[in-house]
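Here's the structure we're looking at; comments come further down.
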Amino acid sequence: MPPTAWSKVQIALSPQEIEQWPDTASARALAGGCPSRRPASFRVPALERAVPVCRQLARLWMDSEDITDESARRAALLVISELMTNAIVHTNSLSITGRLQKDGDWLLVEVQDEGGTSSVPHRAGNANEYGRGLVVVTQSAQALGTRQETDGGRTFWARIALSG
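For any residue, its number in the working numbering is found by taking its place in the sequence shown, counting from 1, and adding 647.
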């Protein structure tokens, strides 16, 4: 990925880049930051190792957007992690797309899969060791939803307050 990758703020990483992260040319190019006031989109392979990479990309983007409220940052990182993990674990997707957009006092976090659900995520009680992802997302966001895409994929979205 060229050093100007953030000018479009659309990133696509290969399985090799995910496995070698952060020791890649892409990671070094992205470490320089990105222009502000632009939504970010990143497509990653459906690998568990992609989740921490997405968190790092989200941190870099929030830095460029001057999102400094720690509560909002924690919520956004938690939401992107949980939604990415659900898409990787519960679909037959080859790649997952994450999107971040600042809209006034709100941060919109979206994760789109390619469909082909292998199992249905469910809302579990806090006593369960696994299956709490959507409960945690619900507690971290002010609004949450899903939409079916025309290509058969599905997008989960969460809206997070940027202050207070």
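The beta-carbon is built from N, C-alpha and C at its ideal position, and this holds for glycine as well. As the structure is a prediction and not an experimental result, all values here were calculated from the model.
CA-CA distance, Q686 and S711? Checking the displayed sequence, the identity of residue 686 turns out to be Pro instead of Gln. For P686 and S711, the distance between alpha carbons rounds to 11 Å.
On the criterion of 16 or more Cβ atoms from any shown chain inside 10 Å, does R721 qualify as buried, or is it exposed? Under the 10 Å beta carbon count, R721 is surrounded by fewer than 16 other beta carbons and is classified as exposed.
Counting only runs that start and end within the region 727-755, where is the alpha helix (DSSP H) found for 4 or more residues in a row? Listed in chain order, there is nothing to give.
For R787, which residues of its own chain have a beta-carbon under 6 Å away from its beta-carbon, when the five flanking residues on both sides are left out? Per the sequence presented here, residue 787 reads as Ser, with Arg not at that position. If we look at S787 and ignore the five residues flanking it on each side, its Cβ neighbours are A722, L725, V726.
Nearest-angstrom Cβ-Cβ length linking R801 and A790, presumed shorter than 8 Å: That pair is no contact at about 17 Å.
Can you tell me whether I665 is helix, strand or coil according to DSSP? In this structure, I665 counts as helix in the three-state DSSP scheme.
Can the beta-carbon of I743 be found closer than 8 Å to that of V784? Result no, Cβ atoms of I743 and V784 do not sit closer than 8 Å.
Taking buried to mean at least 16 other C-beta atoms within 10 Å of its own C-beta, is Q759 buried or exposed? Around the CB of Q759, 16 or more other CB atoms lie within 10 Å, so the residue is classed as buried.
Can you tell me whether P768 is buried or exposed, with buried defined as 16 or more other CB within 10 angstroms of its CB? In this prediction, P768 has a pLDDT of 49, which is less than 50 and means its spatial position is unreliable; nothing more can be read from the coordinates.
In this structure, does DSSP put R702 in helix, strand or coil? Assignment of R702 by DSSP, reduced to helix, strand and coil, places it in the helix class.
Go through its chain and collect everything with a Cβ distance to N773's Cβ below 6 Å, but skip five positions before and after it. Note that N773 has pLDDT 46, beneath the 50 cutoff, so the model's placement of it is unreliable and no number is given.
Assumed close pair D752, S810 - CB separation to whole angstroms, cut-off 8 Å: Rounded, the Cβ-Cβ distance is 7 Å, consistent with contact.
Which class does L677 belong to by DSSP, given the choice of helix, strand or coil? In the three-state reduction of the DSSP assignment, L677 falls in the helix class, which pools H, G and I.
Taking all protein chains shown into account, decide if N739 is buried (16 or more other Cβ within 10 angstroms of its Cβ) or exposed. Counting Cβ neighbours within 10 Å, N739 comes out exposed, since fewer than 16 surround it.
Using a Cβ-Cβ cutoff of less than 8 Å, which residues in the same chain neighbour D798 once the five nearest sequence positions on both sides are dropped? Excluding positions up to five away in sequence, the list reads E761, G762.
Starting from S688, follow the beta strand (DSSP E) in both directions and report where the run begins and ends. Residues 687-692.
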